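Per the numbering used here, residue 43 is the first one in the sequence shown, and the count goes up by one each step. Built from N, CA and C at the ideal position, the CB exists for glycine as well. All figures in this text were calculated on a predicted structure; none of them were measured in a lab. Comments concern the structure below.
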Amino acid sequence: MNPKHLPNLISVARILLVYPVVSLLLQQRFGAALALFVVAGLSDGVDGFLAKHYHWQSRLGSYLDPLADKLLLISSYVALGWLGLMPVWLVGLVVLRDLVIFGGAVAYYFMLRPFEGQPTLLSKLNTVLQLVLVFAVIVRQGIAPFPAAVAEALLWLTAFTTLASGAHYVQVWGSSYWREKQRQGPDAA
Numbered sequence: 043m044n045p046k047h048l049p050n051l052i053s054v055a056r057i058l059l060v061y062p063v064v065s066l067l068l069q070q071r072f073g074a075a076l077a078l079f080v081v082a083g084l085s086d087g088v089d090g091f092l093a094k095h096y097h098w099q100s101r102l103g104s105y106l107d108p109l110a111d112k113l114l115l116i117s118s119y120v121a122l123g124w125l126g127l128m129p130v131w132l133v134g135l136v137v138l139r140d141l142v143i144f145g146g147a148v149a150y151y152f153m154l155r156p157f158e159g160q161p162t163l164l165s166k167l168n169t170v171l172q173l174v175l176v177f178a179v180i181v182r183q184g185i186a187p188f189p190a191a192v193a194e195a196l197l198w199l200t201a202f203t204t205l206a207s208g209a210h211y212v213q214v215w216g217s218s219y220w221r222e223k224q225r226q227g228p229d230a231a
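Right, here's the structure in full:
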């Protein structure tokens with residue numbers, strides 16, 4: 043095995059952790075779910091470090107890494123919402139944001155070309171807050187005391203950044219689309 047494939051293998055392993063994390067959450071085995079959730083989070087940092095530090099980035103990795111993140115986050119939000127531990131409106135907002143971003147990327151691809159965007163600082167902040175909120179909700183389930191006021195603040199910050207980052211992507215892609223269409227002229231199909 044070529045070491046440059048290690049980041050992609052770690053991303054695949056993170057994808058494979060989604061089912062056990064969700065299964066443990068639904069069984070309300072919160073300690074074990076939290077342990078796997080932390081392992082998945084740490085593996086995200088490891089694969090990113092390896093890819094950047096050793097220049098082992100790949101096109102496949104550019105798809106696998108965010109896919110692994112989104113699968114873990116969305117699945118965790120849905121499971122926690124199912125258990126009544128996460129507000130349904132927030133679960134819907136998180137899922138809707140990602141559907142809008144994915145739909146926008148697909149539409150942009152078919153209408154113009156692949157979108158060459160990178161995650162924005164706001165989007166990265168949103169991902170961190172989403173992860174921290176899942177962590178906090180799981181920890182509050184008897185693993186360790188976690189102040190309710192902090193969890194409530196995290197919830198509202200996560201909701202705000204979810205809305206703001208989703209709107210920002212729509213604005214960026216929409217502006218890029220209209221600039222490109224104007225550059226192509228009125229005869230562009």
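Please determine, among Gly216, His47, Ala82, the residue with the shortest C-alpha to C-alpha distance to methionine 153. If you number the sequence shown from 1, residue 153 lands on position 111. Closest option to methionine 153, Cα to Cα, is Gly216.
Tell me the rounded alpha-carbon separation between tryptophan 124 and alanine 149. Within the sequence shown, residue 124 is the residue found at index 82, counting from 1. Within the sequence shown, residue 149 is the residue found at index 107, counting from 1. Each residue's Cα considered, the two are about 31 Å apart.
How far does the alpha helix (DSSP H) with arginine 139 in it reach, from first residue to last? For this step, residue 139 is matched to residue 97 along the sequence shown. Arginine 139 -> alpha helix (DSSP H) spans 130 to 153.
Should the stretch 178 to 192 be called in touch with the stretch 70 to 82, which here means at least 3 C-beta pairs below 8 Å? For the pair of segments examined, the stretch 178 to 192 was found to touch the stretch 70 to 82: the number of CB pairs separated by less than 8 Å reaches three.
Nearest to arginine 139 by alpha carbon, out of Ala121, Leu122, Lys112, Leu127? Here residue 139 refers to the residue found at position 97 of the sequence shown. Sorting Ala121, Leu122, Lys112, Leu127 by C-alpha distance to the C-alpha of arginine 139 places Lys112 at the top.
Kindly give me the distance between the Cβ atoms of leucine 78 and leucine 68, rounded to whole angstroms, as I take these residues to be in contact under 8 Å. Taking the first residue of the sequence shown as position 1, residue 78 is located at position 36. Taking the first residue of the sequence shown as position 1, residue 68 is located at position 26. Actually they are not in contact, since the Cβ atoms of leucine 78 and leucine 68 sit about 13 Å apart, beyond 8 Å.
Sub-9 Å separation of histidine 210 and threonine 169 beta-carbons: Along the sequence shown, one-based indexing puts residue 210 at 168. Along the sequence shown, one-based indexing puts residue 169 at 127. It is not a contact, given that the beta carbons lie outside the stated cut-off.
Spatially closest choice to alanine 147 from Ala193, Ala186, Tyr105, by CA coordinates: Taking the first residue of the sequence shown as position 1, residue 147 is located at position 105. If we check each option's Cα against that of alanine 147, Tyr105 comes out closest.
Going by alpha carbons, who is nearest to proline 108 out of Val192, Gly208, Ser53? Within the sequence shown, the letter at position 66 stands for residue 108. It is Ser53 whose Cα lies nearest to the Cα of proline 108.
Would you grab the beta carbon distance between serine 100 and valine 64 for me? Rounded to a whole angstrom, and I think it's under 8 Å. Counting from one through the sequence shown, the residue named residue 100 turns up at place 58. Counting from one through the sequence shown, the residue named residue 64 turns up at place 22. With 8 Å as the limit, serine 100 and valine 64 do not qualify as a contact, their Cβ atoms being about 27 Å apart.
Going by DSSP, what residue range makes up the alpha helix (DSSP H) through lysine 46? For this step, residue 46 is matched to residue 4 along the sequence shown. Premise fails: lysine 46 is in no alpha helix (DSSP H) and is neither H nor E.
Round the Cβ separation of leucine 173 and leucine 115 to the nearest angstrom and send it over; I've been treating them as touching at under 8 Å. In the sequence shown, residue 173 corresponds to position 131, counting from 1. In the sequence shown, residue 115 corresponds to position 73, counting from 1. Indeed they touch by this definition, with Cβ atoms about 7 Å apart.
Distance CB(phenylalanine 202)-CB(valine 80) smaller than 9 Å: Translated into the one-based positions of the sequence shown, residue 202 becomes position 160. Translated into the one-based positions of the sequence shown, residue 80 becomes position 38. Taking 9 Å as the Cβ cut-off, phenylalanine 202 and valine 80 do not qualify as a contacting pair.
Buried or exposed by the 16-neighbour rule on C-beta atoms within 10 Å, applied to alanine 110: Indexing the sequence shown from 1 puts residue 110 at position 68. By the C-beta density criterion, alanine 110 is buried, having at least 16 other C-beta atoms within 10 angstroms.
Contacts around valine 88, its chain only, beta-carbon distance under 7 Å, and the 5 residues preceding and following it disregarded: Taking the sequence shown and counting its residues from 1, one reaches residue 88 at position 46. Only Ile52 meet the Cβ criterion.
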